[in-house]
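Numbering (the numbering used here), first residue to last: 1 to 309. Using N, Cα and C, we set each Cβ at its ideal position, and we do this for glycine too. Worksheet: one structure, shown below.
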Ligand SMILES: [Zn+2]
């Protein structure tokens, strides 16, 4: 009798195992090792983290790059870091002030991290983030933005963080907000680029200065071999170049339509038609593409409002 029951039990056990997703499958991000003790935290396809992040481990301490948007994702990131290492989380670097990258700051501050960022992050984090919630943000949103934890250490050119046998170089580069930094792990050839690089994804140009940004990308793509973007998967120097070409193409398309005397809906439709063959398959093209055209038009006609430094 037990000869026939046993295979049935084994089959049942196999089915139970197959139906339970692994821990990695249920995380709101993929933790990708891109070099020894260097991890890219890549948002999943549903956007359950809201943005990407990074983890760099030295001999004495850990640094986190960006704190994600959704509270569950930030908690999951903290738990994953605790699985990787018992070393103290000494620093959290904010790549810029946009809420999808800084909403979880308080979690890492409570875990003992000192928050570091461009000096404009502290200036803008509790005010400029309101604009992402429409003309009349709810009281709840206003309270959330007011409560965001700003960096304690601000700088405007560059600084280094020593993690023990490993130093991070943090460099301010203009283009996306006027308060962005990139984090280089020079011993590993890895750069965490924040939203200065989006891989096969349409960027947010709301605060952008495209002329600055195109120059920044020239510098950026020569500085490493692995590039972790703010949104999208881990990329190469070639991917950074593709992104740079997108920015140049939006600029050229809008300029061409302005020169042809177009405005409003007609300008938007014509510029998008020019961009669709090359970039229609990139993430967020439908949602952010039209806004990119409007932001570029404002920039090229001198009507762009940018946060004051
Ligand atoms: Zn972002």
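Residue i versus residue j: straight-line alpha-carbon distance, rounded
i, j, result
"residue 109", "residue 92", "8 Å"
"residue 169", "residue 46", "32 Å"
"residue 289", "residue 249", "12 Å"
"residue 37", "residue 56", "6 Å"
"residue 50", "residue 265", "30 Å"
"residue 70", "residue 48", "7 Å"
"residue 114", "residue 152", "7 Å"
"residue 238", "residue 245", "10 Å"
"residue 202", "residue 156", "27 Å"
"residue 247", "residue 214", "7 Å"
Check: residue i C-beta below 7 Å from any heavy atom of ligand 1
i, result
"residue 195", "yes"
"residue 308", "no"
"residue 129", "no"
"residue 51", "yes"
"residue 100", "yes"
"residue 231", "yes"
"residue 204", "yes"
Close-in-space but distant-in-sequence residues of the same chain around residue i (CB under 7 Å, 5 per side omitted)
i, result
"residue 328", "The question about residue 328 has no answer here: the residues shown for the chain are numbered 1 through 309."
"residue 309", "120 and 178"
"residue 305", "none"
"residue 211", "none"
"residue 241", "221"
Neighbourhood of residue i by C-beta distance below 6 Å, restricted to the same chain and skipping five residues each side
i, result
"residue 35", "188 and 190"
"residue 192", "54, 65, 183 and 228"
C-beta neighbour in chain D for residue i, strict 8 Å
i, result
"residue 302", "The chain inventory of the structure shown lacks chain D, comprising one protein chain alone."
For residue i, the residue or residues it bridges with in DSSP
i, result
"residue 31", "41"
"residue 101", "According to DSSP, which records beta bridges pairwise, residue 101 is partnered with nothing at all."
Beta-carbon proximity list for residue i, same chain, < 8 Å, skipping 5 on both sides
i, result
"residue 292", "202, 203, 205 and 250"
TODO: Examine the Cβ distances between the segment 71-85 and the segment 153-163 and report whether three or more of them are shorter than 8 Å.
DONE: At 8 Å Cβ cutoff, the stretches do not touch.
With a threshold of 8 Å, are at least 3 pairs of Cβ atoms found where one atom belongs to the segment 124-135 and the other to the segment 22-32?
no
*Can you find at least 3 beta carbon pairs, one from the segment 253-263 and one from the segment 271-283, that sit closer than 8 Å?*
yes
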